[in-house]
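First residue of the sequence shown: 1, per UniProt numbering; consecutive thereafter. Glycine residues also receive a C-beta, built at the ideal position from the N, C-alpha and C atoms. Nothing here was measured: the structure is a model prediction, and the numbers come from that model. In what follows, a single structure is set out as structure tokens and then discussed.
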Amino acid sequence: MGKVVVHKSRGASQHVDMDIDALLCQKQGKVRQELGGVPDLAQPPFPLPVVLSGFITLVSGGALGSLQQLLSSCRVRESIWVSGDEAFESHMCTVDDRVTRVAWLNRSTILYAGNDKWSIDNRVVILSNTKTQYSIKIHNVDIYDEGPYTCSVQTDNHPKTSRVHLIVQVPPRIVNISSDITVNEGSSVTLMCLAFGRPEPTVTWRHLSGKVYPPGQTFVSEDEYLEITGITREQSGEYECSAVNDVAVPDVRKVKVTVNYPPYISNAKNTGASVGQKGILQCEASAVPVAEFQWFKEDTRLANGLEGVRIESKGRLSTLTFFNVSEKDYGNYTCVATNKLGNTNASIILYEEAFGEEEDEEEDEEEEDEEEFEEHDEEDEEKEAGRWPVVE
Numbered sequence: 001m002g003k004v005v006v007h008k009s010r011g012a013s014q015h016v017d018m019d020i021d022a023l024l025c026q027k028q029g030k031v032r033q034e035l036g037g038v039p040d041l042a043q044p045p046f047p048l049p050v051v052l053s054g055f056i057t058l059v060s061g062g063a064l065g066s067l068q069q070l071l072s073s074c075r076v077r078e079s080i081w082v083s084g085d086e087a088f089e090s091h092m093c094t095v096d097d098r099v100t101r102v103a104w105l106n107r108s109t110i111l112y113a114g115n116d117k118w119s120i121d122n123r124v125v126i127l128s129n130t131k132t133q134y135s136i137k138i139h140n141v142d143i144y145d146e147g148p149y150t151c152s153v154q155t156d157n158h159p160k161t162s163r164v165h166l167i168v169q170v171p172p173r174i175v176n177i178s179s180d181i182t183v184n185e186g187s188s189v190t191l192m193c194l195a196f197g198r199p200e201p202t203v204t205w206r207h208l209s210g211k212v213y214p215p216g217q218t219f220v221s222e223d224e225y226l227e228i229t230g231i232t233r234e235q236s237g238e239y240e241c242s243a244v245n246d247v248a249v250p251d252v253r254k255v256k257v258t259v260n261y262p263p264y265i266s267n268a269k270n271t272g273a274s275v276g277q278k279g280i281l282q283c284e285a286s287a288v289p290v291a292e293f294q295w296f297k298e299d300t301r302l303a304n305g306l307e308g309v310r311i312e313s314k315g316r317l318s319t320l321t322f323f324n325v326s327e328k329d330y331g332n333y334t335c336v337a338t339n340k341l342g343n344t345n346a347s348i349i350l351y352e353e354a355f356g357e358e359e360d361e362e363e364d365e366e367e368e369d370e371e372e373f374e375e376h377d378e379e380d381e382e383k384e385a386g387r388w389p390v391v392e
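What follows is the structure, encoded as structure tokens:
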């Protein structure tokens, strides 16, 4: 008996010389042991000139379902792409009355010889075995099913084979990603996003804050790792990782980055009030974590509810309210904002204001608010016109 040379499709040009009789005897013994016995085959059912060659034409697989395509005279060679968990329906070997024996093989493993099943895999079933067609089906394909499949046909005079290479595609899936993280301003941060898929997915990072940055600072990375050196408070927010390989929709996950920074007081205005009227001092501070506020007059800390005074702090704003301003209430007050990274303070004056001046001041404040509103409108128009660098 002759030998067949099996050209393995994976790796570089590996050759294995296999005696056909030895191959069949080995397969027969293994199947008999695993299945409890099969008919003895002193001779192979027909010659098996198996030559498993490499990749040929690539054909994209569709949605869940099966693939089927006619092979003419068992001479067509190609590769089939299917997604994981799909059912792979082998190409039908188109045969005729001259054919005496048929079989399907995966590499050197006999799956079916005629109607006799040699494979112990329950997912492999025969689909058709007629005078004109011979095909098998593999349910729930996984990456271990990838490789060459050969239909071998014995005619009156000599054997013929057709070969197809199954390539299993796997949708992208993020398998490991950094957890939400809190860091102090100025620290270095590395975000990780590892993904699996076939073909290997492309991984990208994107900052979702939508804030305005200087040109070139969009904080986008086309890599599994996003490294930020000397992180700033503007770089806090959500970061989105996307894994894409065009087999299915991208897999998207998000990581929240919180940047701690010490307080800074952004608003602290002197305020006037008349004797007997209500007076309100306001102090606004930005900080992460949120700042705690304290009020002092000279060296004395003010307590809530004492001497007709109320202190309210909510978020970044703290107010000091005098319900009935008296002469002794006028003077210099200090607002102190503190968090675990530091503290800051601002001086605010409550001054005496005669009747009528309050109305003038309110009108001035309304005019300032209108001007500020118009400035914001102009800024929005500039953004829409593309004159500001906006992160997408």
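Anyone know if the C-beta pair for residue i and residue j falls short of 9 Å?
i    : j    : result
L341 : A287 : yes
A337 : I280 : no
G331 : E298 : yes
I181 : K256 : yes
W205 : C151 : no
M193 : A243 : Before going further, note that residue 193 is Cys rather than Met in the sequence given. Yes. Within cutoff.
Q282 : L317 : yes
S326 : V275 : yes
L208 : E234 : no
Q169 : R198 : yes
How would you label residue i, buried or exposed, when you count the other beta carbons within 10 angstroms and need 16 or more for buried?
i    : result
R163 : buried
T190 : exposed
S221 : buried
F323 : exposed
N245 : buried
Y351 : exposed
T161 : buried
A22  : Residue placement at A22 is poorly supported in this model, since its pLDDT is 38, which falls under 50; the coordinates still yield a value, given next. So A22 counts as exposed.
S347 : exposed
Helix, strand or coil for residue i? Go by DSSP, reduced to three states.
i           : result
E238        : strand
D299        : coil
I231        : coil
L306        : helix
E200        : coil
K131        : coil
K328        : helix
F323        : coil
L281        : strand
S274        : coil
residue 394 : Nothing about residue 394 can be reported from this structure: the residues present for the chain run from 1 to 392 only.
D251        : strand
residue 396 : Residue 396 is absent from the model: the chain starts at 1 and stops at 392.
E222        : coil
I181        : strand
N245        : coil
G342        : strand
A337        : strand
R268        : A small correction: the amino acid at residue 268 is Ala; Arg does not occupy that position in the sequence shown. If DSSP states are grouped into helix, strand and coil, A268 belongs with coil.
Give the C-beta separation of residue i and residue j to the nearest angstrom, bearing in mind that I take them to be a contact with Cβ-Cβ under 8 Å.
i    : j    : result
Y149 : N106 : 5 Å
S187 : I231 : 6 Å
I136 : L111 : 6 Å
N343 : P289 : Their Cβ separation, rounded to whole angstroms, is 13 Å, which puts N343 and P289 out of contact at 8 Å.
V251 : I174 : Position check: residue 251 holds Asp in this sequence, whereas Val was assumed. At roughly 5 Å, the Cβ-Cβ gap stays under 8 Å, so D251 and I174 are in contact.
Would you say the beta carbon of residue i comes nearer than 8 Å to a heavy atom of the ligand PLP?
i    : result
S135 : As for the ligand PLP, it is missing from this structure, which has no ligand bound.
Worksheet item: Can you list the beta strand (DSSP E) stretches of 3 or more residues lying completely in the stretch 98-172, in chain order?
Response: Every beta strand (DSSP E) of 3 residues or more that sits fully in the stretch 98-172 is shown, in chain order, as 101-106, 109-113, 124-129, 133-138 and 147-154.
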